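In what follows, a structure is listed as structure tokens, so that the remarks can point back to it.
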Amino acid sequence: MLKQEYAQHIAEMSQRVRCEEWAELEKNKEDFFETGNTWALSWLGHLTVLDAAMYHYTGKAEWLERVKECLGIFFSVQDELVQRYEDGSLPFIYKQEDGKPIEGPSKNPLEVLEENDTDPWHFQVVETIFSFTPVLRGLYIIGRDAFTQAEWNRLETLCYAEINHIFRDCEWGRHNRATLRAIALLLFARLFPQNASAARCLKLADMLFEDSLGNWSIEDATSYLGLWVNSIAEYTQYRGVWNFRIEQILSYYCHYYTAMLLPSGGLPEFGDTRFDSGTSTCLSLGAMELMAKRHNDGVLKYAIERQFRNMVKNRTMDNGVQYERGMTNAFVWADDSIQPEEPGLLSCEVLDELVGKKAVFRDGWREDSTYLLYNYRDVGPYGKLTRDYLQNTIPVHAEKPHHGHADEQSICALCSGGAVLLRDGGYRDSFTTNGHYRADFYHNRLVMRNGRMFRENGFLEYAENIGDYLPVRTEKLFFHQFAGAEVIKTRLYDDFHNADADRHIVYLKAANAFVVVDTVHPRAAQEMTTGVMYHAEHISPVEPGVYRVQEETAEGLMHFHRYKSASRAHAQQSLCIAFAGEGVSYSMEAQRRNYRQETALSCYTSRYYGADEYYSYVSLLIPETGETKQEIEAQRARALGIVHSLRTAHTRMGRSLTVQLKADGLEYTIGIQCDDGACIEDKNLRPTYSYEVGRASYGAFETDAKFLVSDGRTYGMIDGSRVDHRGKTLFSAYPNRCNQLDFVTVLQRAGTWGSYEDVLAGQPEH
2 MLKQEYAQHI
12 AEMSQRVRCE
22 EWAELEKNKE
32 DFFETGNTWA
42 LSWLGHLTVL
52 DAAMYHYTGK
62 AEWLERVKEC
72 LGIFFSVQDE
82 LVQRYEDGSL
92 PFIYKQEDGK
102 PIEGPSKNPL
112 EVLEENDTDP
122 WHFQVVETIF
132 SFTPVLRGLY
142 IIGRDAFTQA
152 EWNRLETLCY
162 AEINHIFRDC
172 EWGRHNRATL
182 RAIALLLFAR
192 LFPQNASAAR
202 CLKLADMLFE
212 DSLGNWSIED
222 ATSYLGLWVN
232 SIAEYTQYRG
242 VWNFRIEQIL
252 SYYCHYYTAM
262 LLPSGGLPEF
272 GDTRFDSGTS
282 TCLSLGAMEL
292 MAKRHNDGVL
302 KYAIERQFRN
312 MVKNRTMDNG
322 VQYERGMTNA
332 FVWADDSIQP
342 EEPGLLSCEV
352 LDELVGKKAV
362 FRDGWREDST
372 YLLYNYRDVG
382 PYGKLTRDYL
392 QNTIPVHAEK
402 PHHGHADEQS
412 ICALCSGGAV
422 LLRDGGYRDS
432 FTTNGHYRAD
442 FYHNRLVMRN
452 GRMFRENGFL
462 EYAENIGDYL
472 PVRTEKLFFH
482 QFAGAEVIKT
492 RLYDDFHNAD
502 ADRHIVYLKA
512 ANAFVVVDTV
522 HPRAAQEMTT
532 GVMYHAEHIS
542 PVEPGVYRVQ
552 EETAEGLMHF
562 HRYKSASRAH
572 AQQSLCIAFA
582 GEGVSYSMEA
592 QRRNYRQETA
602 LSCYTSRYYG
612 ADEYYSYVSL
622 LIPETGETKQ
632 EIEAQRARAL
642 GIVHSLRTAH
652 TRMGRSLTVQ
662 LKADGLEYTI
672 GIQCDDGACI
682 EDKNLRPTYS
692 YEVGRASYGA
702 FETDAKFLVS
712 DGRTYGMIDG
722 SRVDHRGKTL
732 FSAYPNRCNQ
742 LDFVTVLQRA
752 GTWGSYEDVL
762 AGQPEH
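Heads up: the sequence shown at position 45 corresponds to 46 in our numbering, and the numbers run straight through without jumps.
Have a look at this one:
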């Protein structure tokens, strides 16, 4: 992808915004003067930097004239603000008018200034960190020489008014708002080094960045994490700072975004963000271009190209040029010499089990590829000072610190055939302290509650609450790729509900289907109500325990798009969801989610658990895709055939589970050892486990493995010492002489292998 593509898009957006927003300019100005709404002229700040970037690229005077025209409006607003203040005709500086509070984001700008500062030239005219920092960036790109001394002096006055308040509103820590403040301060100090406040601006900028440089972000939200990463990239360029710790963090997060690319080329939604959002895309582009250039990284360039072209083609930008925050940096830092290179891996962890704590299943990088994003990230054992500061300072009871959701062990996205079949719940409708769209019952996950249902008509009615975030811990037990199947197993530790929960996701590649197993394990005998939830706009029952989810509508995908693109004419694809389990109930309940009315589908139980009991829910997810109605109907018939073959069985107290199904001539068996301690013979022995104690039957198989999967032709296992099939041993670990705890006694016993796979006897090798 060439800079010319950026230039063409930026020029088009500049012209559009001028045509659309300029018509409302006088209304925007009056809104600010009457209510103190510092967001009223937000668009003007973003337009300024787009025009500045075009001047930097082309050198044409017309772009500089446009920049100065935008700046002139800011000057005139500031002049009028001061005049109205001196005349006593600014309603918003008073706390009350006619005995009623004035409503507006900035009720009194004096309150954000430093104490005893009543100079009206220090009032903001526009919000700073999101809306005016682009102006500072534009000035930095253009440079001092493009302005007369008088113009530069006037700019210094305007810019100081925009950054002065940060010293009173100094939010710090490893998150986006801290680094955004720091970038504003840093740019001011770089632009006006002779200003009396330049030194303290630089000092505070460095202090605000100190905790972020070379450290992990505490944020688990696509867009806000992008803001933080982009800010760090900017800091390195403006401050001239670089070291291997900064490099490893930036490299990590750029490849993190690459690994989770949607089939469309956009970014998925987790935490406080929106699905396939142009804002999320642009926020990551700047840092990705910087790292692609530093490492001549064709894979990053591929990801950049896919994101940008998806945004332009499908018009995924959310709100005019506000999405430019990373766009300008990408444009300036882009290197045309780097050749895009498709990533050499498909399914993978994103990117690890300690910080990213996500996994992607995919069968290709095409727009019609099958794709599933799984998020099991908890708060994490780092960044505690920042987390505690935010929790004790701002109203964020519903957030997983910070900007995160209660989405541990949640399916954030499922796509196939070019259709979006499952997605996350969206950002909030409005500012709120409740768990709107953030709480666990808004996500595609297992939800646990104490007690039993009584008069409630459905699971959501029982599970729904104010939505305060309740911390849990999660960890990955394994992620493994066999020839015919891929699997992840994670565990959630929930102290509040006194229970643990495992989730297996098994991707049967040839069948293009996912088996999801959720296992509940209360820590004591107790009553619990638990359920597996899936959400979508249109869900319809097919038969008992079987449901059809219609693909996401064009309106749903373009809800926040400023410019609606024509939806492609195609047959409506769908997702078949089938449940298996004993004693389960089902409910379909209306729920506001994703800024609209949706349906919450639940498979649940409300029961008493004995001590050390396990209960497993099984969900089967089968995409029903095709180009024509006939193809889709054939896929729906196929899906029902697979569903009708689905069988489950479990041993006493649910300690092991067998799932069997047939698809396209293959007979699948999945064996899960739900109880980690099932194979333990004696804690005083080494190994403590033995095949004789841990073996369990899964259809025609017997093994002590933690996990087994077979398609009837091949088989694979994880953490086992032996696999038998129809009474014949297929695999057996070699016995070894094992030292005991006294280092004298020796025990002859086989240990387990981490994994193993092979063809079944009598089957041809592939």
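The beta-carbon is built from N, C-alpha and C at its ideal position, and this holds for glycine as well.
Remember, predicted model here, so these are calculated numbers, not experimental data.
Buried or exposed for Ala525, going by 16 or more other Cβ atoms inside 10 Å? exposed
Considering Cys413, what are the terminal residues of the beta strand (DSSP E) in which it resides? Ser411 to Ser417
Alpha carbons only, please: which of Gly557, Glu556 and Pro542 is nearest the one belonging to Val550? Pro542
What residue range does the alpha helix (DSSP H) around Ala222 cover? No alpha helix (DSSP H) holds Ala222; DSSP gives it neither H nor E.
Residue environment, Pro269, which counts as buried when at least 16 other CB atoms sit within 10 Å: buried
In three-state terms, what does DSSP make of Glu104? Because the pLDDT of Glu104 is 48, which lies under 50, any placement of that residue in the model is unreliable, and the question is left without a value.
Taking the continuous alpha helix (DSSP H) assigned at Tyr163, which residues delimit it? Residue identity differs from the one stated: residue 163 is Glu in this sequence, not Tyr. Start and end: Gln150 to Ile164.
CA nearest to the CA of Arg424, picked from Tyr443, Asn451 and His437: Tyr443
Report the partner residues of Met718 according to the DSSP bridge assignment. Leu709 and Tyr757
From Asp337 to Gly241, what does the alpha carbon distance come to, in whole angstroms? If I take the Cα positions, the gap works out to 23 angstroms.
Where Ala646 falls: helix, strand or coil (DSSP): Correcting the residue identity first, residue 646 is Ser in this sequence and not Ala. Of the three classes helix, strand and coil, the one that applies to Ser646 here is coil, per DSSP.
I need the boundaries of the alpha helix (DSSP H) containing Glu6, first residue and last residue. Lys4 to Glu22
So, under 8 angstroms CB-CB, Thr39 and Val127 are touching, yes? Tell me the CB distance rounded to an integer number of Å. 6 angstroms
Rounding to the nearest angstrom, what Cα-Cα distance links Thr475 and Gly144 in this structure? Each residue's alpha carbon lies about 49 angstroms from the other.
What is the DSSP secondary structure of Met449, counted as helix, strand or coil? strand
Considering Cα atoms alone, identify which of Tyr699, Gln741, Glu306 and Gly37 is closest to Asn685. Gln741
Helix, strand or coil for Gly532? Go by DSSP, reduced to three states. strand
Can you give me the start and stop residues for the alpha helix (DSSP H) that Arg85 sits inside? For Arg85, the enclosing alpha helix (DSSP H) starts and ends at Ala62 to Asp88.
Beta strand (DSSP E) containing Tyr508: first to last residue? Ala500 to Leu509
I'd like to check one pair, Gly695 with Ala679: are the Cβ atoms closer than 8 angstroms? yes
From Asp441, His536, Glu487 and Val516, pick the residue whose C-alpha is nearest to that of Leu493; which is it? Asp441
For the segment 369 to 385 against the segment 263 to 283, do three or more pairs of beta-carbon atoms, one drawn from each stretch, fall closer than 8 angstroms, so that the two count as touching? yes
Residue burial classification, Asp146 (beta-carbon count within 10 angstroms, cutoff 16): Asp146 is classed as exposed because its beta carbon has fewer than 16 other beta carbons within 10 Å across all chains shown.
Quick one: measure Cβ to Cβ for Ser620 and Phe580, integer angstroms, because I've assumed they're closer than 8 angstroms. 6 angstroms
Within its chain, find whatever has a CB closer than 7 angstroms to the CB of Asp613; leave out the 5 residues flanking it on each side and keep chain order. Met654
Got a sec, what are the start and stop residues for the alpha helix (DSSP H) Phe210 sits in? Unbroken alpha helix (DSSP H) run through Phe210: Ala199 to Glu211.
Confirm, please, whether the CB-CB distance from Arg85 to Phe34 is below 8 angstroms. yes
Flag this pair as yes or no: are the beta carbons of Arg439 and Glu400 separated by less than 8 angstroms? yes
Short Cβ contact (8 angstroms threshold) for Tyr383 with Trp217: Annotated as proximal: Tyr383 and Trp217, with beta-carbon spacing under 8 angstroms.
Give a yes or no on whether 8 angstroms exceeds the smallest Cβ distance from Ser588 to chain C. Within the model displayed, chain C is absent; a lone protein chain is all it includes.
Quick check on Ser541: does DSSP put it in helix, strand or coil? strand
Quick one: any contact between the segment 204 to 220 and the segment 172 to 190, if contact means 3 or more CB pairs under 8 angstroms? yes
Enclosing alpha helix (DSSP H) for Cys349 [first to last residue]: No alpha helix (DSSP H) contains Cys349, which is instead part of the beta strand (DSSP E) from Cys349 to Val351.
Pick from Ala697, Arg687 and Gln749 that is closest to Asp743, judged by C-alpha positions: Arg687
Between the segment 246 to 253 and the segment 150 to 158, are three or more C-beta pairs nearer than 8 angstroms? Verdict: no, contact absent.
Quick one: using the 10 Å Cβ neighbour count with 16 as the cut-off for buried, is Trp243 buried or exposed? exposed
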